[in-house]
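Peer 1: Residue numbers (my numbering), protein chains in the order written: chain A, 95 to 552; chain B, 218 to 714.
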Amino acid sequence: MTATANTRIGAFALPSLLAMACALGIMPAAAETVRYPAALAARIAALPAEQQAFLTDSAMLDRVGLTADEVALALQGRTDEQASAYVGALVRVVADARFDPATDMAEIPLNPEATAFNLPTTLRPALLDKFYRAPGPFSIASYMYQPAGIPTFAQAPIALRKEDLVAGKVEVAFVGIPLDFSNGHRDAKHGPMALRASDGLVGTDIHTGLDPAKLLRMADYGNIAVDNMSVERTVGHVRSMVAEIASTGAVPFIVGGDHALMYPDVAAMVDVYGKGKVGVIQLDAHYEGVAEDAHYISDIQSVSRLIRDGILSGGDIVQIGIRGAGMSGADKARATAQGIRMHSMADIEKDGWRAVVDRALAQVRAGPEHLFVSFDMSVLDPAYAPGVGRPAPNGLTMREAVPLVRTLCAQNKVVGFELLDPAPILDISYKTAQNANYILHSCLAGMAQRKAAVTKAP
Amino acid sequence: MPGSGHPPIDRPPARRTHSARTLWKPALALSAVTLLATAAVANMDRAPGITRAPTPPEPIEIPEKLQSRLSGLSAEQMDYLKSGKSRRIVNPEVMFRRFESLSSEEITAYVDALLSLQDQIDYKAGRDKASIPLDTSSPSFNAWKIRRPAELNPWREDGPIELGRYLGGRGSGFATFANAPVALGPKDLIADGIEVAIVGAPLDMGSGWRDARNGPLALRTAGAVGGYGNDMFSMIDPTRVLKIADYGDIAIDQQSTERSVHHVREVVREIAKTGAIPIVIGGDHSLEYPNLAAMADVHGKGNVGVVHFDSHYDIGSDRVHLIDHGQPVYRVLHEGHVRPDQYVEVGLRARGPDKPTFQWMREMGMNYHTMVEVEKNGWAKVMEAALANARKSAKKIWISFDIDVLDPAYMPGTGTPVPGGLTMREAQPIMRRLCAENDIAGIDIVEVAPYLDVSYKTALNSAYLLNACLTGIAMRKKGLTKPHWLDPVSSSSRKGA
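#1: For Phe225 (chain A), report the span of its beta strand (DSSP E) as first-last.
#2: Using the beta-carbon of each residue, which ones in chain B are nearer than 7 Å to Val187 (chain A)?
#3: On the DSSP bridge list, what partners appear for Gly510 (chain A)?
#4: Compare the C-beta of Lys256 (chain A) with all C-beta atoms of chain B and state if any pair is closer than 8 Å.
#5: So for Pro371 (chain B), helix, strand or coil by DSSP?
#6: What number of angstroms, rounded off, separates the C-alpha of Ala547 (chain A) from the C-alpha of Gly432 (chain B)?
#7: Going along the chain, which residues of its own chain have a beta-carbon closer than 7 Å to the beta-carbon of Arg172 (chain A), five neighbours each way excluded?
#8: Output the boundary residues of the beta strand (DSSP E) element that contains Asn317 (chain A).
#9: Could you name the residues of the segment 226–247 of chain A whose beta carbon sits closer than 8 Å to any beta carbon of chain B, in the order they occur along the chain?
#10: What does DSSP give as the partner residue(s) for Arg435 (chain A) in the beta ladder?
#11: Can you name, in chain order, every residue of its own chain whose Cβ lies under 8 Å from the Cβ of Pro476 (chain A), other than the five neighbours on each side?
#12: Evaluate the contact criterion for the segment 442–457 of chain A versus the segment 391–403 of chain A: three or more CB pairs, one atom per stretch, below 8 Å.
#13: CB-CB under 8 Å to Val307 (chain B), same chain, minus the five flanking residues each way: which ones, in chain order?
#14: Tell me, please, which residues DSSP counts as bridged to His586 (chain B).
#15: Go ahead and label Trp372 (chain B) buried or exposed: buried means 16 or more other beta carbons lie within 10 angstroms of its beta carbon, across all protein chains shown.
#16: May I ask which residues mark the beginning and end of the alpha helix (DSSP H) holding Leu149 (chain A)?
#17: For Lys613 (chain B), report the span of its beta strand (DSSP E) as first-last.
#18: With DSSP as the reference, label Val496 (chain A) as helix, strand or coil.
#19: Using C-beta distances below 6 Å, list every residue in its chain close to Glu275 (chain B), excluding the 5 sequence neighbours before and after it, in chain order.
#20: What does Tyr524 (chain A) touch in chain B if you count any residue whose Cβ is under 9 Å from its own?
#21: Could you check whether Ala517 (chain A) and Asp281 (chain A) sit closer than 8 Å to each other, using their CB atoms as the reference points?
#22: Is DSSP giving Met199 (chain A) helix, strand or coil here?
#23: For Ser348 (chain B), return the contacting residues in chain A, with the cut-off set at a CB-CB distance below 8 Å.
#24: Would you call the CB atoms of Ala395 (chain B) and Ile467 (chain B) closer than 8 Å?
#25: Inspect the CB distances between the segment 361–378 of chain B and the segment 340–353 of chain B and report whether three or more fall short of 8 Å.
#26: Along the chain, which unbroken stretches of the beta strand (DSSP E) at least 3 residues long are found entirely within the segment 316–369 of chain B?
#27: Distance cutoff 8 Å, beta carbons only. Does Phe193 (chain A) sit that close to anything in chain B?
#28: Step through the CB atoms of chain A and report whether any lies within less than 8 Å of the CB of Pro271 (chain B).
#29: By a C-beta neighbour count over all protein chains shown, 10 Å radius and 16 as the cutoff for buried, is Asp619 (chain B) buried or exposed?
#30: Going straight from the alpha carbon of Leu310 (chain A) to that of Ala261 (chain A), what length do you get?
#31: I'd like the span of the alpha helix (DSSP H) that includes Leu155 (chain A), first residue to last.
#32: Count the other CB atoms within 10 Å of the CB of Met449 (chain B); is the residue buried (16 or more) or exposed (fewer)?
#33: What is the rounded straight-line gap between the Cα of Ser348 (chain B) and the Cα of Pro206 (chain A)?
#34: For Val706 (chain B), count the other beta carbons within 10 Å of its own beta carbon; 16 or more makes it buried, fewer makes it exposed. Which is it?
#35: With a cut-off of 8 Å, does the C-beta of Ile519 (chain A) fall near any C-beta of chain B?
#36: If distances are taken between C-alpha atoms only, which option among B:Arg457, B:Leu406, B:Glu293, B:Gly385 comes closest to Lys694 (chain B)?
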């Protein structure tokens with residue numbers, strides 16, 4: 095990790111190493127000295143030096159979730175002995191939270207003796223097909239004018255291998271990734287299935303008057319294998335599979351799966367188009383910028399990992415709709431210091447939707463030439479998308495999200511789109527799946543519009 | 218555990234401390250002296266566990282008419298073909314049919330492709346990772362399981378915390394298991410002589426639908442709809458007869474079952490050491506492993522038998538992950554916490570189990586009562602057979618109750634439901650009887666996934682089953698251990714109990 099940090103140092107001209115560490119997301123906000131009421135000064139001075147240092151360090155208090163006022167109140171109600179026990183307990187909590195090589199596993203062991211260790215991610219080559227077929231997307235519809243009974247994304251033909259995408263000159267390749275490790279509710283594993291089975295992804299877009307299927311060659315690329323016992327073991331395979339799709343020139347339309355997927359998805363884009371060549375617009379209720387965790391990757395740290403691993407710089411990320419309660423003021427300051435342009439729901443309440451959208455669109459246009467759209471379903475209000483892992487009220491309406499997505503995809507060269515964290519079991523209605531498909535369709539309409547060289551914003 | 222394809226994951230793993238295949242592996246090697254001492258202690262009560270070797274592939278016989286076409290293959294290629302290992306990659310019939318139309322060179326290329334795929338599939342040191350690295354530099358590495366120090370609360374005497382505000386009524390709105398007071402640590406259990414400590418373990422990494430993390434919550438709130446109280450069959454209210462506490466939830470790392478199970482084992486052991494009966498509310502069925510490992514820690518290996526209610530046998534092995542909700546029984550047996558003949562499985566009917574596995578289970582001496590047996594002999598007979606198995610399995614028994622043993626009509630809120638299951642009128646008596654007629658070491662009720670059920674059914678039925686077992690434990694405390702004892706006034710028949 096130190097090595098990763100070092101590779102990034104050149105990109106920042108910050109005065110102190112500490113500030114740099116903060117900006118890189120490897121440390122919480124810098125410590126500030128905490129002040130206590132004068133009446134407590136003598137009692138605090140009587141505590142052991144280690145305990146005094148703890149009490150006056152705001153970062154330490156942050157770790158145990160206490161404010162100076164709360165500590166002062168606790169000390170006032172305790173005898174000197176109890177006060178020392180109290181602060182001692184806090185010191186112990188912070189120490190015990192750290193890794194201890196004598197008692198802790200530094201890694202999670204697997205079973206290398208398992209037969210066919212890599213079978214789930216091994217691709218079946220065409221050579222082994224029972225019956226051969228020429229490469230290219232193929233339809234599974236029995237009728238000429240009836241959709242197939244077997245659902246596919248956008249009723250598109252199926253492509254199973256890279257050769258199918260190449261032979262069909264596929265421009266949009268839908269792919270499902272059923273990763274189900276949300277830090278909220280789960281069931282994202284059934285997102286791809288629900289969206290394939292739902293309507294809303296075919297037909298003419300009323301705003302542009304275009305039917306994307308008539309302008310873009312699309313295919314359903316099936317699902318990518320995941321290890322539903324480990325996000326860590328999943329992201330490598332996803333990254334190579336998504337990069338493979340993009341390497342054919344197709345735009346992957348990824349349907350998740352939880353938000354941890356943003357990490358391998360964006361990394362794949364950078365693998366194909368180059369570092370600094372890919373910008374990201376993230377529509378999400380959550381900033382996904384958690385700075386530290388024992389696990390190297392999960393949904394809540396997909397953005398911070400991309401930055402920490404030097405795949406993306408903060409300046410290439412624009413966020414809209416952030417409102418999740420998991421982000422503190424210090425977290426927001428760190429994200430901003432990293433260069434992330436964050437347009438929270440507070441900004442929208444203050445300046446209005448139109449103004450915020452105009453700012454964000456301008457930032458995206460001024461960014462890298464390739465755009466990746468990360469759309470977490472939680473950006474929508476739960477009224478529109480109850481079936482998500484981490485819902486948060488006060489979200490966008492469909493009438494806000496649809497035009498924004500269409501405009502983004504019309505104004506920019508979109509090289510990838512991910513729709514993350516639909517969790518259908520949480521929605522007893524059809525709403526989440528249908529709205530998710532409408533979001534995908536609005537981007538397709540924008541891309542169709544762009545292809546038709548009508549790139550003016552609506 | 219010689220020649221084991223399936224290493225132990227228990228703690229400490231004695232001679233396997235350095236092995237990448239143990240689930241418990243401290244980062245630094247302990248000093249040689251400590252290590253030897255640990256190994257000696259750990260091996261003393263160690264009954265050897267059982268190991269199931271992976272089923273070898275069925276060899277492939279080369280059809281007579283293809284012999285000449287295959288003459289161009291090298292000895293290595295020929296051996297590989299005959300070994301049958303390629304069955305995982307391509308169906309032999311499909312392969313041979315293809316060979317009929319391929320030239321000798323093309324056949325060689327085809328077999329080369331198979332060999333290259335085989336190489337890709339097999340684990341290869343250096344190329345494949347035998348572990349998942351964690352970020353040991355994170356200051357929050359263990360934050361998920363740090364216990365809250367007692368010093369942070371105002372001073373109080375040890376003992377369960379009563380949450381009720383009023384002298385009468387149902388408490389103050391705080392939902393706890395069986396409406397019990399709250400215990401935060403072993404001292405609280407000991408101070409009041411708590412007999413049953415119910416603890417949540419919201420592990421949520423099942424292979425089907427998820428949401429077992431909300432299982433404990435569902436069983437707590439079920440109290441508000443009458444889930445706990447007087448059992449009419451025995452006319453006993455276990456919440457009045459037994460000293461019960463709600464022990465809160467056990468911390469879970471929701472990104473790793475492997476990391477979570479060790480902590481579950483610690484907490485279940487901590488409860489049982491006080492003399493209280495631990496009841497673990499899941500959470501997915503991986504929990505059966507740490508629960509039984511904890512029982513072995515406290516009561517000794519081979520001293521606790523198991524009745525495993527489930528539509529699935531959960532005895533999977535030979536997987537990349539050393540534990541998941543399909544493998545707990547194997548881990549328990551493999552580490553020798555319970556002997557195979559001490560296992561009783563009831564209600565099996567899922568699609569997964571295959572004939573070789575059942576045959577292996579039979580050879581190992583395990584007892585199983587499938588729904589096939591229920592179809593053949595009727596529930597009453599099967600229940601008696603299961604009860605008899607349980608009685609002779611060990612002095613103490615653990616009940617691992619996966620709610621999917623019931624039909625989804627009763628338990629829609631579960632991750633891997635299977636139709637054709639038990640009814641509540643079948644499950645309730647056996648739970649009550651098991652807990653009355655045996656010395657219960659502890660129980661778990663797992664795989665409650667409330668958001669799969671838009672109704673109250675799953676939560677209420679699960680609470681009723683918990684209450685049925687609590688009733689049995691209370692009956693035993695009162696000496697009512699006679700087989701199938703029912704209170705005489707609970708039915709109009711004047712015949713004695």
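Glycine included, every Cβ here is placed at the ideal spot set by N, Cα and C.
Peer 2: Put simply:
#1: For the purposes of this step, residue 225 (chain A) is taken as the residue at position 131 of the first sequence. DSSP places Phe225 (chain A) in no beta strand (DSSP E); its state is neither H nor E.
#2: Mapped onto the first sequence, residue 187 (chain A) falls at position 93. Within chain B, the residues near Val187 (chain A) are Ile363, Pro366.
#3: Looking up residue 510 (chain A) in the first sequence gives position 416. DSSP output for Gly510 (chain A) lists A:Phe466 as bridge partner(s).
#4: Here residue 256 (chain A) refers to the residue found at position 162 when the first sequence is read from its first residue. Contacts with chain B at 8 Å (Cβ-Cβ) do not include Lys256 (chain A).
#5: Taking the second sequence and counting its residues from 1, the one referred to as residue 371 (chain B) is at position 154. Looking at Pro371 (chain B) - three-state DSSP - the assignment turns out to be coil, as it is neither helix nor strand.
#6: In the first sequence, residue 547 (chain A) corresponds to position 453, counting from 1. In the second sequence, residue 432 (chain B) corresponds to position 215, counting from 1. The alpha-carbon atoms of Ala547 (chain A) and Gly432 (chain B) are separated by roughly 54 Å.
#7: The residue labelled residue 172 (chain A) in the question sits at position 78 within the first sequence. Taken in chain order, the residues that qualify are Tyr180.
#8: Locating residue 317 (chain A) in the first sequence gives position 223, where the first residue counts as 1. Per DSSP, Asn317 (chain A) belongs to the beta strand (DSSP E) from 312–317.
#9: The segment 226–247 of chain A vs chain B, Cβ under 8 Å: nothing.
#10: Residue 435 (chain A) sits at position 341 when you count from the first residue of the first sequence. Under DSSP, the beta-bridge partners assigned to Arg435 (chain A) are A:Val412.
#11: Looking up residue 476 (chain A) in the first sequence gives position 382. So the qualifying residues of the chain are Val482, Pro485, Ala486, Pro487, Gly489.
#12: Not touching, per the Cβ criterion.
#13: Position 90 of the second sequence, counted from the start, is the residue given in the question as residue 307 (chain B). Leu331.
#14: By 1-based counting over the second sequence, the position of residue 586 (chain B) is 369. Paired residue(s): B:Val563.
#15: Translated into the one-based positions of the second sequence, residue 372 (chain B) becomes position 155. Its Cβ having fewer than 16 others within 10 Å, Trp372 (chain B) is exposed.
#16: Mapped onto the first sequence, residue 149 (chain A) falls at position 55. Where Leu149 (chain A) is concerned, the enclosing alpha helix (DSSP H) stretches over 143–149.
#17: The residue given as residue 613 (chain B) occupies position 396 in the second sequence. Counted as a single uninterrupted DSSP element, the beta strand (DSSP E) harbouring Lys613 (chain B) occupies residues 613–619.
#18: On the first sequence, residue 496 (chain A) is found 402 positions in, with the first residue counted as 1. Residue state, collapsed to three classes: helix.
#19: Here residue 275 (chain B) refers to the residue found at position 58 when the second sequence is read from its first residue. Within the same chain, Glu275 (chain B) has close Cβ partners Gly301.
#20: Position 430 of the first sequence, counted from the first residue, corresponds to residue 524 (chain A). Neighbourhood of Tyr524 (chain A) in chain B, by CB distance below 9 Å: empty, with the nearest CB roughly 15 Å away.
#21: For the purposes of this step, residue 281 (chain A) is taken as residue 187 along the first sequence, with counting starting at 1. For the purposes of this step, residue 517 (chain A) is taken as residue 423 along the first sequence, with counting starting at 1. A contact, by the Cβ cut-off of 8 Å.
#22: Within the first sequence, numbered from 1, the residue matching residue 199 (chain A) stands at position 105. DSSP places Met199 (chain A) in strand when its eight states are reduced to three.
#23: Counting from one through the second sequence, the residue named residue 348 (chain B) turns up at place 131. Among the residues of chain A, those whose CB is under 8 Å from the CB of Ser348 (chain B) are Glu201, Ile202, Pro203, Leu204, following chain order.
#24: For the purposes of this step, residue 395 (chain B) is taken as the residue at position 178 of the second sequence. For the purposes of this step, residue 467 (chain B) is taken as the residue at position 250 of the second sequence. Pairing Ala395 (chain B) with Ile467 (chain B) gives a Cβ-Cβ distance that is not under 8 Å.
#25: Judged by Cβ distances under 8 Å, the segment 361–378 of chain B makes no contact with the segment 340–353 of chain B, as fewer than three pairs qualify.
#26: Taking 3 residues as the shortest admissible run, the segment 316–369 of chain B contains the following complete beta strand (DSSP E) segments, listed from N- to C-terminal end: 348–350.
#27: Looking up residue 193 (chain A) in the first sequence gives position 99. At a cut-off of 8 Å between C-beta atoms, Phe193 (chain A) counts as an interface residue with respect to chain B.
#28: As a first step, residue 271 (chain B) is located in the second sequence; it is residue number 54 there, counting from the start. Yes, Pro271 (chain B) lies at the interface with chain A (some Cβ there is under 8 Å from its Cβ).
#29: Locating residue 619 (chain B) in the second sequence gives position 402, where the first residue counts as 1. Looking at its Cβ environment, which holds 16 or more other Cβ atoms inside 10 Å, Asp619 (chain B) is buried.
#30: Looking up residue 310 (chain A) in the first sequence gives position 216. Looking up residue 261 (chain A) in the first sequence gives position 167. Rounded to whole angstroms, Leu310 (chain A) to Ala261 (chain A) spans 15 Å at the Cα level.
#31: The residue you call residue 155 (chain A) lines up with position 61 of the first sequence. Looking at the DSSP string, the run of the alpha helix (DSSP H) that includes Leu155 (chain A) is 152–157.
#32: The residue you call residue 449 (chain B) lines up with position 232 of the second sequence. So Met449 (chain B) counts as exposed.
#33: Counted from its first residue, the second sequence places residue 348 (chain B) at position 131. Counted from its first residue, the first sequence places residue 206 (chain A) at position 112. Cα-Cα distance, rounded: 9 Å.
#34: Here residue 706 (chain B) refers to the residue found at position 489 when the second sequence is read from its first residue. Its Cβ having fewer than 16 others within 10 Å, Val706 (chain B) is exposed.
#35: One-based indexing of the first sequence puts residue 519 (chain A) at position 425. Ile519 (chain A) counts as touching chain B.
#36: On the second sequence, position 477 is the one that residue 694 (chain B) refers to. Restricting attention to B:Arg457, B:Leu406, B:Glu293, B:Gly385, the CA atom closest to the CA of Lys694 (chain B) is found in B:Arg457.
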